[in-house]
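Asker: Chains A and P, in that order, give the protein sequences. Heads up: the first sequence begins at 1 in UniProt numbering, then just goes up one per residue. Heads up: the second sequence begins at 1 in UniProt numbering, then just goes up one per residue. Input: one structure, supplied below.
2 protein chains.
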Amino acid sequence: MSNNIDYSLYLVTEAYREGYRSEYLKKVRQALQGGVNVLQFREKNASSLRQFELAKALKDMSQSFHVPFIINDRVDIALAVNADGVHVGQEDLPAEDVRRLIGPDKLLGVSAATVEEAVKAERDGADYLGVGSVFQTGSKGDATLIEMDEIARIRQEVTIPIVAIGGINAENVKRLPERHADGIAVISAILSAADPKGAAEQLKEQFLSKKHK
Amino acid sequence: MSNNIDYSLYLVTEAYREGYRSEYLKKVRQALQGGVNVLQFREKNASSLRQFELAKALKDMSQSFHVPFIINDRVDIALAVNADGVHVGQEDLPAEDVRRLIGPDKLLGVSAATVEEAVKAERDGADYLGVGSVFQTGSKGDATLIEMDEIARIRQEVTIPIVAIGGINAENVKRLPERHADGIAVISAILSAADPKGAAEQLKEQFLSKKHK
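The following block contains the structure:
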């Protein structure tokens with residue numbers, strides 16, 4: 001399924017609080033209603049059992065929206081719920097080992113902050129890259145900012161789609177080098193919004209209008 | 001390989017500190033030299049990449065000692081390094097899903113604190129049980145103590161081996177109901193000892209002498 005995927009608006013979940021399952025699922029559903037194209041599940045602070053239970057629910061939900069469902073880091077949970085793919089960072093299992101575990105057909109995304117990481121990820125079997133952080137972010141305090149030019153340099157060296165990530169919101173999305181990013185990945189700009197559906201619609205519209213200008 | 005495994009002295013690693021890889025590996029090696037029969041890798045605080053790297057090294061090491069190598073919780077890392085098995089607690093992936101992921105031949109251990117959990121684990125495909133905590137423990141502050149009688153009750157209801165776990169040391173090992181436990185699982189009593197090899201030898205001798213009395 002690695003072809004023909006629209007990465008325009010890529011939502012990363014990082015909003016689960018123990019005891020607030022239904023509120024959490026409602027927010028993600030609203031985001032999907034607002035046009036999210038890819039859903040990545042990343043709830044590292046929950047127990048493995050809780051992650052598994054939530055992932056099962058989100059897999060069903062994203063399937064009903066015909067949206068690929070990807071799990072961050074935990075290949076085992078991705079296999080257990082038959083997710084559509086896995087996303088790994090540079091501190092997770094190596095991409096080539098993940099590709100071996102998930103087989104050729106599932107999506108593999110890899111986080112890259114440099115041309116070197118990007119080229120290696122593509123060679124190791126990545127279907128797309130998450131490139132960032134492009135802006136300061138509250139959800140990953142330790143994330144390193146990259147220069148905007150780095151996206152252009154990565155674009156020249158790899159052929160797979162690039163999703164820009166890190167602190168993107170309705171304001172700064174205009175400053176992204178739209179020619180080089182196939183999509184934007186967002187967490188809090190959607191999930192912390194009072195109206196996740198409206199926030200998703202607005203972000204997607206702003207990204208696409210800029211891209212197609 | 002689920003038959004003919006000696007569970008007498010079962011070591012759980014929980015001692016890795018970033019930057020002290022060689023010291024860590026040395027301690028585990030000394031423990032194996034002291035007679036550890038099963039090695040479980042549990043380093044939940046390390047990144048997935050670090051866990052993977054350490055697990056690869058420990059898999060090779062335990063293989064050279066002909067000791068089964070089991071990974072806690074992370075089925076993906078177990079598959080990636082071709083470990084001999086997986087151990088899951090009640091807050092990890094459900095045993096039946098783990099069994100499906102690892103296939104019929106790899107070892108599956110499940111933590112159980114009650115007869116109900118033990119019976120369910122055996123039904124769901126567990127090869128052995130970790131039962132505890134039998135004593136107060138420093139390494140798992142939130143662990144619930146079980147009554148000693150619970151091991152006897154579990155022993156009556158399941159046929160798979162039982163490994164007692166939780167705060168076991170050279171002193172209190174004498175208080176365990178030896179007839180019902182096939183082995184003892186230990187962390188700090190070995191890995192925090194000045195002489196891990198000597199500590200392992202002593203614990204094993206005390207457990208076995210009591211068991212065969």
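C-beta: ideal position from N, C-alpha, C; glycine also. Quick caveat, the model's predicted, so the values are computed rather than measured.
(1) Closest by CA to residue 46 (chain A), which one among A:69, A:130, A:13?
(2) Less than 7 Å between the beta carbons of residue 99 (chain A) and residue 108 (chain A), yes or no?
(3) If you measure from the beta carbon of residue 48 (chain A) to each beta carbon in chain P, is any gap under 7 Å?
(4) Report the start-end ranges of each beta strand (DSSP E) in the segment 180-209 of chain A that is 3 residues or longer and not cut off at the edges.
(5) Give the C-beta separation of residue 218 (chain P) and residue 133 (chain P) to the nearest angstrom, bearing in mind that I take them to be a contact with Cβ-Cβ under 8 Å.
(6) Smallest Cα separation from residue 152 (chain A): which of A:42, A:207, A:176, A:171?
(7) Considering only residues of the segment 48-98 of chain P, which uninterrupted alpha helix (DSSP H) runs meet the minimum length of 4 residues and lie entirely inside it, listed in chain order?
(8) In the DSSP assignment, find the unbroken beta strand (DSSP E) run with residue 165 (chain A) in it and report its ends.
(9) Check for me: the alpha helix (DSSP H) holding residue 115 (chain A) runs from which residue to which?
(10) What is the rounded straight-line gap between the Cα of residue 39 (chain P) and the Cα of residue 10 (chain P)?
(11) Using the Cα positions of residue 117 (chain P) and residue 195 (chain A), report the straight-line distance between them to the nearest angstrom.
(12) With a cut-off of 7 Å, does the C-beta of residue 52 (chain P) fall near any C-beta of chain A?
(13) Under three-state DSSP, which class holds residue 145 (chain P)?
(14) Does DSSP classify residue 7 (chain P) as helix, strand or coil?
(15) Going along the chain, which residues of the segment 87-103 of chain A sit with their C-beta nearer than 9 Å to a C-beta in chain P?
(16) Contact defined as beta carbons within less than 8 Å: I believe residue 55 (chain P) pairs with residue 71 (chain P). What is the distance between those atoms, to the nearest angstrom?
(17) Taking a cut of 9 Å between CB atoms, which residues from the segment 67-78 of chain A lie near chain P?
(18) Taking Cβ-Cβ distances shorter than 8 Å, what residues in chain A pair up with residue 143 (chain P)?
(19) Excluding five sequence neighbours on each side, which residues of the same chain lie with their C-beta closer than 8 Å to the C-beta of residue 182 (chain P)?
(20) Using 10 angstroms around the beta-carbon of residue 42 (chain A), count the other beta-carbons present and answer buried if the total reaches 16, otherwise exposed.
(21) Could you tell me if residue 68 (chain P) is buried or exposed, where buried requires 16 or more neighbouring beta carbons within 10 angstroms of its beta carbon?
(22) Mind listing the chain A neighbours of residue 193 (chain P)? Cutoff is C-beta to C-beta under 8 Å, in chain order.
(23) If you run the structure through DSSP and keep just helix, strand and coil, what is residue 38 (chain P)?
(24) For residue 80 (chain A), go through chain P and note every residue whose CB falls closer than 9 Å to its CB, in chain order.
(25) Smallest Cα separation from residue 115 (chain P): which of P:91, P:143, P:156, P:26?
(26) Grab the span of the beta strand (DSSP E) containing residue 28 (chain P) for me, first residue to last.
(27) Check residue 158 (chain P) in the structure and name its three-state DSSP category.
(28) Report all residues from its chain with a CB closer than 6 Å to the CB of residue 87 (chain P); omit the five preceding and five following residues, and keep chain order.
(29) Secondary structure at residue 108 (chain P), three-state DSSP: helix, strand or coil?
(30) Can you check which of these residues, P:197, P:180, P:81, is closest to residue 102 (chain P) by C-alpha distance?
(31) Can you have a look at residue 26 (chain A) and say buried or exposed, based on whether 16 or more other CB atoms are within 10 angstroms of its CB?
(32) Determine the contact status of residue 186 (chain P) and residue 76 (chain A), defining contact as a CB-CB distance below 7 Å.
(33) Could you tell me which of P:92, P:188, P:190, P:170 sits nearest to residue 209 (chain P), measuring between CA atoms?
(34) Please report the distance separating the alpha-carbon of residue 201 (chain P) from that of residue 23 (chain P).
(35) Could you give the DSSP three-state label for residue 134 (chain A): helix, strand or coil?
Answerer: A quick look at the data gives this:
(1) Taking the first residue of the first sequence as 1, we reach residue 46 (chain A) at position 46. Of the candidates A:69, A:130, A:13, the one whose C-alpha sits nearest the C-alpha of residue 46 (chain A) is A:13.
(2) As a position in the first sequence, residue 99 (chain A) is number 99, starting the count at 1. As a position in the first sequence, residue 108 (chain A) is number 108, starting the count at 1. A Cβ-Cβ contact shorter than 7 Å links residue 99 (chain A) with residue 108 (chain A).
(3) Position 48 of the first sequence, counted from the first residue, corresponds to residue 48 (chain A). Chain P contact via Cβ: present.
(4) Secondary structure remark: continuous beta strand (DSSP E) runs of at least 3 residues inside the segment 180-209 of chain A, in chain order: 183-186.
(5) Residue 218 (chain P) cannot be examined here, being either before or after the span of chain P that is shown, 1 to 213.
(6) By 1-based counting over the first sequence, the position of residue 152 (chain A) is 152. It is A:176 whose Cα lies nearest to the Cα of residue 152 (chain A).
(7) For the alpha helix (DSSP H) assignment, the uninterrupted runs of no fewer than 4 residues enclosed by the segment 48-98 of chain P are, from N- to C-terminal side, 48-64, 75-81.
(8) Here residue 165 (chain A) refers to the residue found at position 165 when the first sequence is read from its first residue. For residue 165 (chain A), the enclosing beta strand (DSSP E) starts and ends at 162-165.
(9) Indexing the first sequence from 1 puts residue 115 (chain A) at position 115. Segment 115-123, the alpha helix (DSSP H) holding residue 115 (chain A).
(10) What you label residue 39 (chain P) is simply residue 39 of the second sequence in a count that begins at 1. What you label residue 10 (chain P) is simply residue 10 of the second sequence in a count that begins at 1. For residue 39 (chain P) and residue 10 (chain P), the distance between alpha carbons rounds to 6 Å.
(11) The count along the second sequence starts at 1 and reaches residue 117 (chain P) at position 117. The count along the first sequence starts at 1 and reaches residue 195 (chain A) at position 195. Straight across, the Cα-Cα distance linking residue 117 (chain P) with residue 195 (chain A) is about 42 Å.
(12) Residue mapping note: residue 52 (chain P) aligns to position 52 of the second sequence, counting from 1. Yes - at least one Cβ of chain A is within 7 Å of the one on residue 52 (chain P).
(13) Your numbering for residue 145 (chain P) matches position 145 in the second sequence. The answer is coil: DSSP assigns residue 145 (chain P) none of H, G, I, E or B.
(14) Locating residue 7 (chain P) in the second sequence gives position 7, where the first residue counts as 1. Assigned with DSSP and collapsed to three states, residue 7 (chain P) falls in coil, not helix or strand.
(15) 88, 89, 90, 91, 92, 93, 94, 97, 98, 100, 101: these are the residues of the segment 87-103 of chain A whose beta carbon lies less than 9 Å from some beta carbon of chain P, given in chain order.
(16) For the purposes of this step, residue 55 (chain P) is taken as residue 55 along the second sequence, with counting starting at 1. For the purposes of this step, residue 71 (chain P) is taken as residue 71 along the second sequence, with counting starting at 1. Contact between residue 55 (chain P) and residue 71 (chain P) holds, since their C-beta atoms are separated by about 6 Å, short of 8 Å.
(17) For the segment 67-78 of chain A, which is checked against every Cβ of chain P, the residues closer than 9 Å are 73, 74, 75, 76, 77, 78.
(18) Working through the second sequence from its first residue, we reach residue 143 (chain P) at position 143. Near residue 143 (chain P) there are no residues of chain A at all, since even the closest Cβ is about 15 Å away, more than 8 Å.
(19) For this step, residue 182 (chain P) is matched to residue 182 along the second sequence. Counting only Cβ-Cβ distances below 8 Å, and skipping sequence neighbours, we find 7, 8, 128, 161, 162, 163.
(20) Your numbering for residue 42 (chain A) matches position 42 in the first sequence. Answer is buried; the Cβ neighbour count reaches 16.
(21) Locating residue 68 (chain P) in the second sequence gives position 68, where the first residue counts as 1. Its Cβ being crowded by 16 or more others within 10 Å, residue 68 (chain P) is buried.
(22) Here residue 193 (chain P) is taken as the residue at index 193 of the second sequence, counted from 1. Within chain A, no residue comes near residue 193 (chain P); the closest Cβ sits about 30 Å away, beyond 8 Å.
(23) Position 38 of the second sequence holds residue 38 (chain P). Strand.
(24) Taking the first sequence and counting its residues from 1, the one referred to as residue 80 (chain A) is at position 80. For residue 80 (chain A), the residues of chain P that pass the 9 Å Cβ criterion are 75, 93, 94, 97, 98, 100, 101, in the order they occur in the chain.
(25) Taking the first residue of the second sequence as position 1, residue 115 (chain P) is located at position 115. Per the Cα distances, P:156.
(26) Taking the first residue of the second sequence as 1, we reach residue 28 (chain P) at position 28. Note, residue 28 (chain P): premise wrong, no beta strand (DSSP E); alpha helix (DSSP H) at 21-33.
(27) Here residue 158 (chain P) is taken as the residue at index 158 of the second sequence, counted from 1. Three-state DSSP puts residue 158 (chain P) in coil, outside helix and strand.
(28) Counting from 1 along the second sequence, the entry for residue 87 (chain P) is found at position 87. Hits under 6 Å: 40, 70, 72, 109.
(29) As a first step, residue 108 (chain P) must be located in the second sequence, where it is residue number 108. In the structure shown, residue 108 (chain P) sits in a strand (DSSP, three-state: E or B).
(30) Numbered from its first residue, the second sequence carries residue 102 (chain P) at position 102. Check the Cα spacing between residue 102 (chain P) and each of P:197, P:180, P:81: the tightest is with P:81.
(31) What you label residue 26 (chain A) is simply residue 26 of the first sequence in a count that begins at 1. Burial call: exposed.
(32) Counting from one through the second sequence, the residue named residue 186 (chain P) turns up at place 186. Counting from one through the first sequence, the residue named residue 76 (chain A) turns up at place 76. No.
(33) Within the second sequence, residue 209 (chain P) is the residue found at index 209, counting from 1. When only C-alpha atoms are compared, the closest one is P:170.
(34) Here the question's residue 201 (chain P) lines up with position 201 in the second sequence. Here the question's residue 23 (chain P) lines up with position 23 in the second sequence. Distance between the alpha carbons of residue 201 (chain P) and residue 23 (chain P) is about 20 Å.
(35) As a first step, residue 134 (chain A) must be located in the first sequence, where it is residue number 134. Correct three-state label for residue 134 (chain A): coil.
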